[in-house]
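Undergrad: Input: one structure, supplied below.
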Amino acid sequence: MKILVNRKIKRLFCAVLLIIAAFSIFSVACAAMELQHAAVYVLLACAGMGIAVFAALYLYFRAQSRMIENAAAQIEDYIAGNRNARIECDEEGELYRLFHEVNSLVAVLNAHAENEGRAKRFMKDTISDISHQLKTPLAALNIYNGIIQQDADDAQTIREFASLSEQELDRIETLVQNLLKITKLDAGTIVIDKAEHNISEMMGKIETQFAYRTEQEGKTLILSGDDTATLWCDRNWLMEAVGNLVKNALDHTAQGDEIRITWRAFASVVQIVVRDNGSGIHPEDLPHIFKRFYRSRFSKDTQGIGLGLALTRAIVEAHNGTIEVDSELSAGTTFTMNFLIPTKL
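Here is the structure:
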C-alpha cells in the first residue's frame, strides 16, 4: 500500500495497533481472571485505549499540520521573490511526493525566469549593437547628401559622393541580411536542406567568387584536397560559411600573402580548413571572435560589422558541426571546421 510508504504513517499505524493489542490483552486477562468489577476494568481499558489512540492521532496530525504550514510559508516566500525557497521533502509518501513536484516546478520556473532574463539582456545588447552599427553609415550618408546638395552643379562631386553613399547603403544591407540569417538559424526557422555534395566543386566556386579580389590585391587563394571527397550539407549555406572565412582572411592579409583551403575525409569526420599567413588574431580576441558585433581594439579593419564569423559558426552548428580557431600574431590564422559523417544503418 502506497499509504504505508511514509515512515511516519507506518509508526502511527504500528502505535495504534500496539495500543489496541495491549488494551485488548488487558481486557481479556481481566475477564479470564474473573476479577471483581471486571466489567469496570474492561470499560476503563476501552476508555484508556481510546484516549491513547486519540493522543497518537493528535500528535501525528499536529506534525502534519506544521509540515503543511511550513510548505505554505515556503511557497509564499517564493511568490514574494525568494528564488531559493524550497520545501523540505526528505521523506517518502504521497505528500512528500507532492512537495517534490512543487520543488521541481520551482526549478522550472527559475530556469524560465533566467532564460527570459538572458533573452532580455541579449535583446537589449543587440539593439544597442545594431544602433551603433547603423550610426556610422547613417551619419556618413547624411554628410554625403549634404555635400551633394551644396555642390549640385558639380557632376564630379555628385558621382563621387553618390558612389560613397552606395557603399554605405550596401554596408547597411549586409548588416540587415546577416542579422536576419543569424536570427533565423538560431530560431531554427531555416530548413537546412542537406544533400551529398562534392567538396572540391564547392571550393572551386568559392575560388571563382573571390578571383577578382585576390588578383586586385595581389594575394593567392590555394585549394588542396581529395577531389572525390563529399559532404552531407546544404550547399549554399556551407559555401557562405567558408566564403565568410575566406573574406575574413583577405581582410587580414597583405599583398603577396596566401590563403589556403584544404579538406580531408576521415573515418567519421569531414574536415575543412581555411588557413592564412596574415597578421593573425591577438590572444585577447580569440575567445570573443565568434560573438556578434565583436570588434577588436587591435584590428585595423574599420569597415567590418562583426557578423561574418558569428554567421559562420551559426551555419556550422546548424550542420551539427564544430569550428575552432588557432592564431599567432604575424604568423597567420587557421579556422578548422569538423562535420560528422552520417552513419548508415
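Taken in order, the sequence shown gives residues -31 to -1, 1 to 314; the numbers are from mature numbering (1 follows the signal peptide of the UniProt record, and there is no 0).
Quick reminder that beta carbons are idealized off the backbone N, C-alpha and C, glycines included.
Does DSSP put M(-31) in a helix, in a strand, or in coil?
TA: A caution first: M(-31) carries a pLDDT of 46, below 50, which makes its placement in the model unreliable, though a value can still be read off. Residue state, collapsed to three classes: coil.
Undergrad: Go to S265, then tell me how far its alpha helix (DSSP H) extends in each direction, as first and last residue.
TA: S265 -> no alpha helix (DSSP H), and no H or E assigned at all.
Undergrad: Would you call the CB atoms of A283 and V239 closer than 8 Å?
TA: Contact flag unset, no.
Undergrad: What residue range does the beta strand (DSSP E) around N307 cover?
TA: Run containing N307: G301 to L309, per the beta strand (DSSP E) assignment.
Undergrad: Using DSSP's beta-bridge definition, name the partner residues of Q240.
TA: Its beta-bridge partners are R233 and N307.
Undergrad: Once you ignore the five residues that flank A40 on each side, which residues in its own chain have a CB closer than 8 Å to its CB?
TA: So the list reads I56, F68 and V71, once near-sequence residues are dropped.
Undergrad: First and last residue of the alpha helix (DSSP H) that includes I141?
TA: That run of the alpha helix (DSSP H) goes A124 to A156.
Undergrad: I'd like the list of long-range same chain contacts for G187, defined as Cβ closer than 7 Å, with 5 residues on each side in sequence excluded.
TA: Excluding positions up to five away in sequence, the list reads Q224 and G225.
Undergrad: Quick one: grab the DSSP three-state call for G194.
TA: G194 falls in the strand class under three-state DSSP.
Undergrad: In whole angstroms, what is the alpha-carbon distance linking C15 and A(-10)?
TA: Each residue's Cα considered, the two are about 11 Å apart.
Undergrad: So, at 7 Å on beta carbons, what are the nonlocal neighbours of I141 in its own chain, with the 5 sequence-adjacent residues on each side left out?
TA: Contacts found: L103 and P106.
Undergrad: In whole angstroms, what separates the C-alpha of I228 from that of D123?
TA: Going by the C-alpha atoms only, they are around 43 Å apart.
Undergrad: With DSSP as the reference, label G120 as helix, strand or coil.
TA: Sequence inspection shows Asp at residue 120; the Gly mentioned does not correspond to that position. The answer is coil: DSSP assigns D120 none of H, G, I, E or B.
Undergrad: Say whether the region 173 to 190 touches the region 250 to 262, bearing in mind that this needs 3 or more beta-carbon pairs closer than 8 Å, one atom from each stretch.
TA: These segments do not touch.
Undergrad: Run through DSSP, which three-state label would V77 get?
TA: DSSP places V77 in helix when its eight states are reduced to three.
Undergrad: Please work out which residues of its chain come closer than 6 Å, Cβ to Cβ, to A109, disregarding the five sequence neighbours upstream and downstream, and give them in chain order.
TA: Once the five neighbours on either side are set aside, the close Cβ partners of A109 are E137.
Undergrad: Please report how far the alpha carbon of P311 lies from the alpha carbon of S237, in whole angstroms.
TA: Approximately 8 Å between the Cα atoms of the pair.
Undergrad: Whose C-beta lies closer than 6 Å to the C-beta of residue 323 among residues of the same chain, with five residues either side of it excluded?
TA: This structure gives no information on residue 323, because the portion of the chain shown stretches from -31 to 314.
Undergrad: On the three-state DSSP scale, how would you describe H166?
TA: In this structure, H166 counts as strand in the three-state DSSP scheme.
Undergrad: Which two residues bound the contiguous alpha helix (DSSP H) that contains D203?
TA: Segment: none, D203 is in no alpha helix (DSSP H) and carries neither H nor E.
Undergrad: Around the Cβ of T302, are there at least 16 other Cβ atoms within 10 angstroms (buried) or fewer (exposed)?
TA: Classification for T302: buried.
Undergrad: Spatial neighbours of L(-14) within its chain, please: C-beta separation below 6 Å, excluding the five flanking residues on both sides.
TA: So the list is empty, once near-sequence residues are dropped.
Undergrad: Going by DSSP in three states, I228 sits in which element: helix, strand or coil?
TA: Residue state, collapsed to three classes: strand.
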